[in-house]
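Quick note, the sequence shown lines up with residues 228 to 516 if you use the working numbering.
Every residue, glycine too, gets a C-beta built ideally from N, C-alpha and C.
This one's a predicted model, so the numbers in the text were calculated from it and none came from an experiment.
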Amino acid sequence: MTTLAIDIGGTKLAAALIDGQTILARRECPTPASQTPQALQQALQSLVAPFMAQAERVAVASTGIIHRGVLTAINPSNLGGLAQFPLVGFLSAITDLPVTAINDAQAAAWAEFCALPGDDDMVFLTVSTGVGGGVVLNGELLRGSGGLAGHLGHTLADPAGPYCGCGRRGCVEAIASGRGIAALAQDELAGLDAKAIFMHAAQGVPQARRLVAYSARALARLIADVKAITDCQVVIVGGSVGLAEGYLAQVADFLAQEPAVYQVSLRAAHYRHDAGLLGAALLAQGEQV
Ligand code: ADP
Ligand code: BMX
Ligand code: ZN
228 MTTLAIDIGG TKLAAALIDG QTILARRECP TPASQTPQAL QQALQSLVAP FMAQAERVAV
288 ASTGIIHRGV LTAINPSNLG GLAQFPLVGF LSAITDLPVT AINDAQAAAW AEFCALPGDD
348 DMVFLTVSTG VGGGVVLNGE LLRGSGGLAG HLGHTLADPA GPYCGCGRRG CVEAIASGRG
408 IAALAQDELA GLDAKAIFMH AAQGVPQARR LVAYSARALA RLIADVKAIT DCQVVIVGGS
468 VGLAEGYLAQ VADFLAQEPA VYQVSLRAAH YRHDAGLLGA ALLAQGEQV
């Protein structure tokens, strides 16, 4: 059965036709900058139009809290204007297909869990526009009664740190995410996105190197906290910041400075940028959403 999988992120939208674990076709476009429900509807419609006729169902992985098919942003600055977006209702209406939806990092966690050789307890972290998380313990994906489970980017990294769009001060997301890194940039780096800041870091620009290290250190401390909470055997990192060259190695160096009890095996996402798409499809295929 062919699934039309959709991944809604704060920076990009992706869609793919998936059969089993095979991606048959894939398309991508930027997340609309205007951040209105109408703009998102239009972008989704043109993204999925070429795939609709070949699909038998739709499976969505989306940034935000997904509860009963409705998307709510925990950090509205990542996906503003979408306080209550009826994701499942809208996609059912335009495709006339059965639709399931789940948080993007929860979906990616499931795909990455399925790619593990054993059935280790694992935590997935995406470092992307925001910082998201998904937890699989005893072979079960934690979703939470309201869909909030695994929102690890909104745990505290630095009480004196920058304000997060969720309303807290010093969240991991405000320091480690692509948006967070860009917001902290000053002077010659002001106005650049995280991708450009990483390029400057690779060229040795001191402020860029500090920003990347601040992010990697916050992520390493989060991973130590995650180990203490879950006793997981592996932490898998994805997202465009998480997968950027040299980033995971820095996280590993900072984690190595923590006491032995907090050490945990760290890996880059097996499915790279497609973990969310595949996870949503696998969950829908297994009818676990
Ligand atoms: P989404 O959040 O939409 O799922 P991504 O995982 O691509 O999308 O994350 C987007 C963030 O990653 C942006 O802040 C962008 O600047 C940053 N980014 C994209 N490519 C790179 C790269 N090669 N190196 C570092 N950061 C990157
Ligand atoms: C934010 C939050 C999470 C999401 C994470 C990563 C919103 C809109 N999103 O913490 O639900 O999993 O970002 O999302 O509040 P991404 O856009 O970086 O993939
Ligand atoms: Zn927050």
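Please confirm whether Leu482 and Val464 have their CB atoms less than 8 Å apart. Counting from one through the sequence shown, the residue named residue 482 turns up at place 255. Counting from one through the sequence shown, the residue named residue 464 turns up at place 237. No, these two residues do not count as a Cβ contact at 8 Å.
Closer than 6 Å by C-beta to Arg436: which residues in its own chain qualify, once you throw out the five before and the five after it? Chain order, please. Reading the sequence shown from its first residue, position 209 is the one you call residue 436. Once the five neighbours on either side are set aside, the close Cβ partners of Arg436 are Ala428.
To the nearest angstrom, report how far apart Ala286 and Glu415 are at their CA atoms. The residue you call residue 286 lines up with position 59 of the sequence shown. The residue you call residue 415 lines up with position 188 of the sequence shown. Looking at the two C-alpha atoms, the distance is approximately 42 Å.
Cα-Cα separation between Leu244 and Asp234, rounded to whole angstroms: Here residue 244 corresponds to residue number 17 of the sequence shown, with the count starting at 1. Here residue 234 corresponds to residue number 7 of the sequence shown, with the count starting at 1. The straight-line gap from Cα to Cα measures roughly 12 Å.
Exposed unless 16 or more other CB atoms sit within 10 angstroms - verdict on Ala445: For the purposes of this step, residue 445 is taken as residue 218 along the sequence shown, with counting starting at 1. Looking at its Cβ environment, which holds 16 or more other Cβ atoms inside 10 Å, Ala445 is buried.
Counting pairs of beta carbons, one from the segment 332-345 and one from the segment 443-458, are three or more of them closer than 8 Å? Under the Cβ criterion (8 Å, minimum of three pairs), the segment 332-345 does not count as touching the segment 443-458.
Below 7 Å, is the gap between the Cβ of Glu400 and the nearest heavy atom of the ligand ZN? Numbered from its first residue, the sequence shown carries residue 400 at position 173. Because some heavy atom of the ligand ZN lies under 7 Å away, the Cβ of Glu400 counts as near it: yes.
Below 8 Å on the Cβ atoms is my contact criterion, and I expect Gly466 with Thr353 to pass it. Report the Cβ-Cβ distance as a whole number of Å. Position 239 of the sequence shown holds residue 466. Position 126 of the sequence shown holds residue 353. The beta-carbon distance between Gly466 and Thr353, rounded to whole angstroms, is 4 Å. This is short enough to meet the 8 Å contact definition.
Let me know the secondary structure DSSP gives Met426 once reduced to three states. Against the sequence shown, residue 426 aligns to sequence position 199. Met426: helix per DSSP, three-state reduction.
Contact between the segment 368-376 and the segment 290-309 (3+ Cβ pairs under 8 Å): With three or more CB-CB distances shorter than 8 Å, the segment 368-376 counts as touching the segment 290-309.
For His500, which residues from the same chain have a beta carbon less than 6 Å from its beta carbon, with the 5 sequence-adjacent residues on both sides left out? The residue you call residue 500 lines up with position 273 of the sequence shown. Cβ neighbours of His500 within its own chain (closer than 6 Å, five residues either side excluded): none.
For the ligand ZN, any of its heavy atoms closer than 7 Å to the Cβ of Cys341? Within the sequence shown, the letter at position 114 stands for residue 341. It does not: the Cβ of Cys341 is nowhere closer than 7 Å to a heavy atom of the ligand ZN.
Return the CA-CA distance between Leu231 and Asp246, expressed in angstroms with no decimal places. Residue numbering aside, residue 231 sits at position 4 when the sequence shown is read from its first letter. Residue numbering aside, residue 246 sits at position 19 when the sequence shown is read from its first letter. Their Cα atoms are separated by approximately 9 Å.
Can you find a CB in chain B that lies within less than 8 Å of the CB of Ala502? In the structure shown, chain B cannot be found, because there is only a single protein chain.
Return the CA-CA distance between Gln248 and Gln413, expressed in angstroms with no decimal places. The sequence position of residue 248 within the sequence shown is 21, counting from 1. The sequence position of residue 413 within the sequence shown is 186, counting from 1. One C-alpha to the other measures close to 43 Å.
Which runs of the beta strand (DSSP E) fall wholly inside the segment 265-320 and span at least 3 residues, in chain order? 284-289, 292-294, 297-299, all fully within the segment 265-320.
Other residues of its chain near Ala328: CB distance less than 7 Å, five sequence neighbours each side excluded: Position 101 of the sequence shown holds residue 328. Excluding sequence neighbours, Ala328 sits near Val287, Ser289, Ile293, Gly296, Leu314, Val315.
Taking the alpha-carbon of Asp323 as reference, which of Gly418, Ala276, Phe351 has the nearest alpha-carbon? Counted from its first residue, the sequence shown places residue 323 at position 96. It is Ala276 whose Cα lies nearest to the Cα of Asp323.
In the DSSP assignment, find the alpha helix (DSSP H) that holds Asp234 and state where it starts and stops. Translated into positions along the sequence shown, residue 234 becomes position 7. From DSSP, Asp234 is part of no alpha helix (DSSP H) but of the beta strand (DSSP E) over 230-235.
Closest to Gly360 by C-alpha separation, out of Leu449, Gln477, Gln268, would be which residue? Walking along the sequence shown from the start, residue 360 turns up at place 133. Out of Leu449, Gln477, Gln268, Leu449 has the C-alpha closest to the C-alpha of Gly360.
Below 8 Å, can you find three or more Cβ-Cβ pairs linking the segment 343-358 to the segment 399-414? Remark: three or more beta-carbon pairs, one from each stretch, lie closer than 8 Å, so the segment 343-358 and the segment 399-414 are flagged as touching.
Is it true that the CB of Asp348 sits closer than 8 Å to the CB of Asp458? Position 231 of the sequence shown, counting from 1, holds the residue named residue 458. Position 121 of the sequence shown, counting from 1, holds the residue named residue 348. In this structure, Asp348 lies closer than 8 Å to Asp458 by Cβ.
If you draw a straight line from the alpha carbon of Leu271 to that of Leu306, how long is it in whole angstroms? The residue you call residue 271 lines up with position 44 of the sequence shown. The residue you call residue 306 lines up with position 79 of the sequence shown. In this structure, the alpha-carbon of Leu271 lies about 14 Å from that of Leu306.
Which term fits Cys256, buried or exposed, when burial requires 16 or more other beta carbons within 10 angstroms of its beta carbon? Position 29 of the sequence shown, counted from the first residue, corresponds to residue 256. Counting every other CB atom within 10 Å of its CB across the protein chains shown gives Cys256 a total below 16, marking it as exposed.
What I want to know is whether the C-beta of Cys459 ends up closer than 7 Å to one or more non-hydrogen atoms of the ligand ZN. The residue labelled residue 459 in the question sits at position 232 within the sequence shown. No, since every heavy atom of the ligand ZN falls outside the 7 Å radius drawn around the Cβ of Cys459.
Please return the same chain residues whose Cβ sits closer than 7 Å to the Cβ of Gly392, not counting the five positions on each side in sequence. Residue numbering aside, residue 392 sits at position 165 when the sequence shown is read from its first letter. Only Asn302, Pro303, Ser304, Asn305 meet the Cβ criterion.
Do Ala409 and Gly397 have their C-beta atoms closer together than 8 Å? Residue 409 sits at position 182 when you count from the first residue of the sequence shown. Residue 397 sits at position 170 when you count from the first residue of the sequence shown. Not in contact: Ala409 and Gly397 (Cβ atoms no closer than 8 Å).
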